[in-house]
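A short write-up of the structure that comes next.
Encoded structure:
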């Protein structure tokens, strides 16, 4: 489902060289039609391409690789090289060094668990779509003051989930959220039904045991189910 937040021009972008209109266009183009984003923690570089291919073939073309492991940057670079039709971004960026590594690897977008002035400056200067993590109304206001209108709500379930997002919708019109943490096949539909949630992030379609076993058929089946959730909400 798409919300007005995707079409609202961003203003006051202090750190990026792109104009507000260019930033909004890039964000919209990258995530148009995307309802579910797999959030992946890849321990072994050799798993990157078959995992990404299973997700892509299952109908999930946009994926986030968290910068939590030594293999993360190499995994992003390998996916970009071997599966260019997929869109791969970098998540859990918490330092300027993470952003530099993600950009060097070819990440198409950046996601952080929170936001500091220094991190935001580095992320926006990279001129990639950037979703900072927010957990309070004050953090939403701080991100919006930088011209950001699409944010990661994290950790979603622990902070009130759907009720939190419902409460913020009338207070922050034009701002969209991608909730992550605690999102699964059972509750994703409830999140995606909200007017300020165009997409959700989660890892339920890529279980660690399936990745460890190289069970890509299982990953693809789970991806197909997740993609179907998105299609139902977009209909």
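Numbering (this note's numbering), first residue to last: 56 to 290. In this text, a Cβ means the ideal position worked out from N, Cα and C, and glycines have one as well.
**the stretch 246-260 contacting the stretch 110-119, beta-carbon criterion three pairs below 8 Å** = yes
**Prompt:** Quick one: what does DSSP say residue 120 is sitting in, helix, strand or coil?
**Reply:** Three-state result, residue 120: strand.
**Request:** Could you tell me if residue 167 is buried or exposed, where buried requires 16 or more neighbouring beta carbons within 10 angstroms of its beta carbon?
**Result:** buried
**Prompt:** Does the Cβ of residue 264 have 16 or more other Cβ atoms within 10 Å, making it buried, or fewer, making it exposed?
**Reply:** exposed
**Message:** Let me confirm a value: residue 20 is counted as buried when at least 16 other C-beta atoms fall within 10 Å, else exposed. Which label applies?
**Reply:** It is not possible to answer for residue 20, since the shown part of the chain is limited to 56 through 290.
**Asked** CA-CA distance, residue 269 and residue 90?
**Response** Rounded to whole angstroms, residue 269 to residue 90 spans 26 Å at the Cα level.
**residue 196 burial status per 10 Å Cβ neighbour count (16 or more: buried)** = By the neighbour-count criterion, in which a residue is buried when 16 or more other Cβ atoms sit within 10 angstroms of its Cβ, residue 196 is exposed.
**Asked** Do three or more CB pairs link the stretch 101-114 to the stretch 148-157 at distances below 8 Å?
**Response** At 8 Å Cβ cutoff, the stretches do not touch.
**Request:** Return the residue from the list 271, 216, 261, 258 that minimises the CA-CA distance to residue 245.
**Result:** 216
**Prompt:** For residue 183, which residues of its own chain have a beta-carbon under 6 Å away from its beta-carbon, when the five flanking residues on both sides are left out?
**Reply:** Within the same chain, residue 183 has close Cβ partners 164, 165.
**Prompt:** Is it true that the CB of residue 108 sits closer than 8 Å to the CB of residue 138?
**Reply:** yes
**Item:** Residue from 93, 211, 210, 179 whose Cα sits closest to the Cα of residue 144
**Value:** 93
**Uninterrupted beta strand (DSSP E) stretches inside the stretch 169-212 (no shorter than 3 residues)** = 205-208
**Message:** Using only CA atoms, which one of 285, 272, 177 lies nearest to residue 105?
**Reply:** 272
**Message:** Quick check on residue 105: does DSSP put it in helix, strand or coil?
**Reply:** helix
**Asked** Quick one: what's got a C-beta closer than 7 Å to residue 81's C-beta in the same chain, skipping five residues either side?
**Response** 184
**Request:** Grab me the residues of residue 85's own chain with a C-beta within less than 8 Å of its C-beta, minus the 5 sequence neighbours each way, in chain order.
**Result:** 117, 142, 163, 164, 184
**Asked** What span of residues does the alpha helix (DSSP H) with residue 154 cover, start to end?
**Response** 151-160
**Message:** If you follow the beta strand (DSSP E) that residue 266 is in, where does it begin and where does it stop?
**Reply:** Looking at the DSSP string, residue 266 is not in any beta strand (DSSP E); the run it does join, the alpha helix (DSSP H), is 263-268.
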